[in-house]
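Chains as they are written, first to last, in the numbering used here: chain A, 5 to 465; chain B, 5 to 465. Worksheet: one structure, shown below.
Number of protein chains: 2
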Amino acid sequence: MSLARPNARFLRRIPIFQIRTYAAPGEGTIPPSKKRYVPTSGTYPLGFKAGTAHVGVKASNTRFDDLALIASESPCSGAAVFTTNKFQAAPVTVSRDMLKRRKGSGIRAIVVNSGCANAVTGKGGIEDALTMGEATDQQFIQNADGEDDGNGSRTIVMSTGVIGQRLPIQKITDKLPHAYFALGADHDHWLAASRAICTTDTFPKLLSRTFTLPSSDTQYRIAGMTKGAGMIHPNMATLLGIICTDAPIAPDPLHTLLSSAITKSFNSISIDGDTSTNDTVALLANGAAGGNTISDATSPDFAAMQATLTDFAIDLAKLVVRDGEGATKFVTIHVTHAKTYEDAKRVASSIARSPLVKTALYGKDANWGRILCATGYAEGVESVVPEETSVSFVPADGSAELKLLVRGEPEQVDERRASEILKEEDLHIKVRLSEKFEEEAVVWTCDFSHEYVTINGDYRT
Amino acid sequence: MSLARPNARFLRRIPIFQIRTYAAPGEGTIPPSKKRYVPTSGTYPLGFKAGTAHVGVKASNTRFDDLALIASESPCSGAAVFTTNKFQAAPVTVSRDMLKRRKGSGIRAIVVNSGCANAVTGKGGIEDALTMGEATDQQFIQNADGEDDGNGSRTIVMSTGVIGQRLPIQKITDKLPHAYFALGADHDHWLAASRAICTTDTFPKLLSRTFTLPSSDTQYRIAGMTKGAGMIHPNMATLLGIICTDAPIAPDPLHTLLSSAITKSFNSISIDGDTSTNDTVALLANGAAGGNTISDATSPDFAAMQATLTDFAIDLAKLVVRDGEGATKFVTIHVTHAKTYEDAKRVASSIARSPLVKTALYGKDANWGRILCATGYAEGVESVVPEETSVSFVPADGSAELKLLVRGEPEQVDERRASEILKEEDLHIKVRLSEKFEEEAVVWTCDFSHEYVTINGDYRT
């Protein structure tokens, strides 16, 4: 077929298209370049099971599971971190209230639907979210698999999808028994659940690993799944994360562990800087592996658990960036020599959010001017000293840094080497603020491509 | 010519390409759709003249004037507002110091070069900026057109262009006499100057008008020019604005007038949210038209001058948005019923900066979910009450608002009407926060298009 040629230079820049639809979670074929991020096996925490069902929350989804249930065999500790957006979706309100009421203990399950965010749905939406939690609780009670302790729901509710539409709650409750009876502890069960929570994601995001704690030889497991970054697809909302461990952790330290891990992981990634109505990351700990319970924030076990959880959450969060809409680059922004962690993070976030930095990276341009500018306009930062600021690219192959700016003075840049470094999918930008200071922060982001505009400029479908 | 068809749907979305190069200011042909913004005549302030010269600051510019001189025939009041970026270019430092030293009086000229921003150029850059100002002063002295009062330079210096390169200062000082002898008061002189300060702008931005003040029948004139928004083109920096009036205004009220006008004009526009190293808007008032001097901020003349200047600055700033890189839409974001002006502006800016809102508008999508989300994550805002928030489109033709969300409840949207409204170049989004409050703010922005990515993803050239 012949076609007028609008602009040859432009056409050369069109990236190979990612397969990204929102017909249904998991419907798309995983792009070859992303297959390596999908595990084929895992080590899953004892006493946890995952199950899925097909509801068809989105009417066009006639085949693919869009309801996921993650359950602990016994009541466990639970904590969650929620969006700071003032427009909080109904499941956020309902889950927050539930965790508060139960003081983070006696939790049994997390139930998630994709296809509808149950956001901006008023009182009816709150009722739907409550119903979704209670109907999940009923599965356990009806099947003599748990009891009503008179303290209300034991379920964290999450929704992701279109904003402003009511949940088809009857369809969901009708299919909840299917998800319950599908519960299982195998890799396939976990993978299916990680797929069912997806919306425009091009691949399911699932990780698992084992670890030990200083006070015993007990082997523990941690597993987690996450989905799509920021506000994705027209009217789609939500970053969701679910992490489960069989280590024994009391509710209070559990919340502290999660909050701290989130600061350095899910709150240190940026696709487009938009914070959605539904963002939620939850952590369950059921102690099924035994060992000594972490009951306060002062023990060596707590410190080790913090390090393990933070690393795990970072790796999970990075998968979200790997799947940023239209992304062709995975970018690590490392800001060092700041007065405080917050200063370093504000500068790193300012760089990560700059459309000009992101388009320059897409264009494979070692444009330190834009990096410097975004450094200079980061708000509320005290650590920026222009004549002490340095900017480098750190090559992925371990070779020497490519210095772009040293103590405020532009370097003669070896453009050929810059071009080699910028060809890589993984880029690492290092910004040093002042030798007087020692704090640092890392933020992960991706580039802005033509495809980002295409995906997000599409009509709602 | 035949061409493989990467994705027909995508190709349909490629906009008609704007003519935007950075070979030289004014080199590009003005796109037909922008011609109506370029005036063919004007009413320019008495006692001001404009002149230009060709320097070839950028070596590839062999033909087009890239040095502009705006001069008052007599020493006048001057004020300027500068970038808040911590990396301030040398001309910003030098001009700020000069205005401080002279307490905003005895100013003769503004000299501007395009092609090189003189930013991140260290001590040498400061010397160059000083030299550029002093060489301008010398033109007046050498030609017996002014005197050295022993208080140093009388010239505001501005530069725009590539960051991190030194100015070809000798070439500039060599050509300053050309600009001086080219000084003239005709429309063509002003238009030539507005063209010489351009970088990637697709059209010169020049406005002029007449006004009166309450205390007399004297007719006054105000004229101004501006260039390119935000950080434009790889390594290009700067929004510049120059406003001149023949009304008599003392230095102190002049600065107050300018600061206040800038808040509601140049500081209320957003292309990509990036604040550059060189942003400067200057205002000169020489009193050449006579009448009563505005000497404090309490008189009716002051209030009237404020209204005139603010309106004028808004219209000038809007021209910058009209020429936003890759922009296909001119978007007015009007936030009302906020507790404070700052609250309203923070919400409007958050919406204006959201890549998801901007891509939705490019995609002609009445996506109130994204508008709401950006409203909900605006930082430091107290006025957002989800159940009282309303979002509408206000059609340009004066017909009734298209309500998308009313008091937190989604409306049934007439998609056909939405589509009609979104086809227009001019869009007006209205967000009401809470009936309890009465403050409001307006921010102007444009959409994010494929071409934005193309322009900004290009290699530096």
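Backbone N, C-alpha and C define an ideal beta-carbon position, used for all residues, glycine too.
What first and last residue would you give for the alpha helix (DSSP H) that runs through G129 (chain A)? 126-146
Going by the beta-carbon positions, is the gap between D430 (chain A) and K333 (chain A) smaller than 9 Å? yes
S387 (chain A) and A342 (chain A) - do their beta-carbons sit closer together than 9 Å? yes
Just how far apart, CA to CA, sit V335 (chain A) and D418 (chain A)? 21 Å
Could you tell me how far apart the beta carbons of C80 (chain A) and N290 (chain A) are, in whole angstroms, since I believe they sit closer than 8 Å? 4 Å
Interface partners of P390 (chain A) on chain B, CB under 7 Å: K90, F91
Output the distance between the C-alpha atoms of I337 (chain A) and G82 (chain B), rounded to the nearest integer angstrom. 42 Å
Quick check on this structure: which residue in A:A422, A:L287, A:P218, A:K179 has the alpha carbon closest to the alpha carbon of R112 (chain A)? A:L287
Tell me whether D70 (chain A) is buried or exposed, calling it buried when 16 or more other Cβ atoms sit within 10 Å of its Cβ. buried
Taking contact to mean 3 or more Cβ pairs, one atom from each stretch, closer than 8 Å, check whether the stretch 191-200 of chain B and the stretch 123-143 of chain B are in contact. no
Below 8 Å CB to CB, which residues in the same chain sit around V457 (chain B) once its five sequence neighbours on both sides are set aside? G330
Flag S1 (chain B) as yes if its beta-carbon sits less than 9 Å from any beta-carbon of chain A, otherwise no. There is simply no residue 1 (chain B) to check, as chain B begins at 5 and stops at 465 in what is shown.
Starting from S118 (chain A), find everything on chain B with Cβ-Cβ shorter than 9 Å and list it in chain order. By Cβ distance, chain B contributes nothing, its closest Cβ being about 16 Å from S118 (chain A), past 9 Å.
Less than 9 Å between the C-beta atoms of K38 (chain B) and T203 (chain B), yes or no? no
Taking Cβ positions, are I247 (chain B) and A293 (chain B) nearer each other than 9 Å? no
Please report the distance separating the alpha-carbon of A378 (chain B) from that of D178 (chain B). 51 Å
Spatial distance of T449 (chain B) from A356 (chain B) (CA atoms): 6 Å
Any beta strand (DSSP E) of 3 or more consecutive residues that is wholly inside the stretch 352-434 of chain B: 394-397, 406-410
Interface flag, G328 (chain B) vs chain A, CB-CB below 9 Å: no
Any beta carbon from chain B within less than 9 Å of A331 (chain A)'s own beta carbon? no
With 16 other CB atoms within 10 Å as the buried threshold, where does N271 (chain A) fall? buried
Do you know whose CA, among A:R420, A:L409, A:R225, lies nearest G168 (chain B)'s CA? A:L409
Residues of the stretch 89-115 of chain B whose Cβ lies closer than 7 Å to any Cβ of chain A, in chain order: N89, K90, F91
Tell me whether F306 (chain B) is buried or exposed, calling it buried when 16 or more other Cβ atoms sit within 10 Å of its Cβ. buried
Using a Cβ-Cβ cutoff of less than 6 Å, which residues in the same chain neighbour F441 (chain B) once the five nearest sequence positions on both sides are dropped? H341, A342, K343, S387
Can you give me, in chain order, the residues of the stretch 397-422 of chain B that have a beta carbon less than 8 Å from any beta carbon in chain A? L409, G412, E413, P414
Proximity winner among B:L217, B:T230, B:H454, B:T222, relative to D283 (chain B) (alpha-carbon distances): B:T230
Any contact between the stretch 123-133 of chain B and the stretch 93-100 of chain B? By contact I mean 3 or more CB pairs, one from each, below 8 Å. yes
What first and last residue would you give for the alpha helix (DSSP H) that runs through S264 (chain A)? 255-267
T177 (chain B) by DSSP, collapsed to three states: which one? helix
Using a Cβ-Cβ distance under 9 Å, would S438 (chain B) count as near chain A? no
Exposed or buried, what is E151 (chain B) when buried is set at 16 or more other beta-carbons lying within 10 Å of its beta-carbon? exposed
Any idea if P49 (chain A) is buried or exposed, counting beta-carbon neighbours within 10 angstroms, 16 or more meaning buried? buried
Continuous beta strand (DSSP E) stretch holding I318 (chain A): start and end: Note, I318 (chain A): premise wrong, no beta strand (DSSP E); alpha helix (DSSP H) at 304-326.
For L376 (chain B), return the contacting residues in chain A, with the cut-off set at a CB-CB distance below 7 Å. F91, V124
In chain A, what lies closer than 7 Å to I167 (chain B) by C-beta? G373
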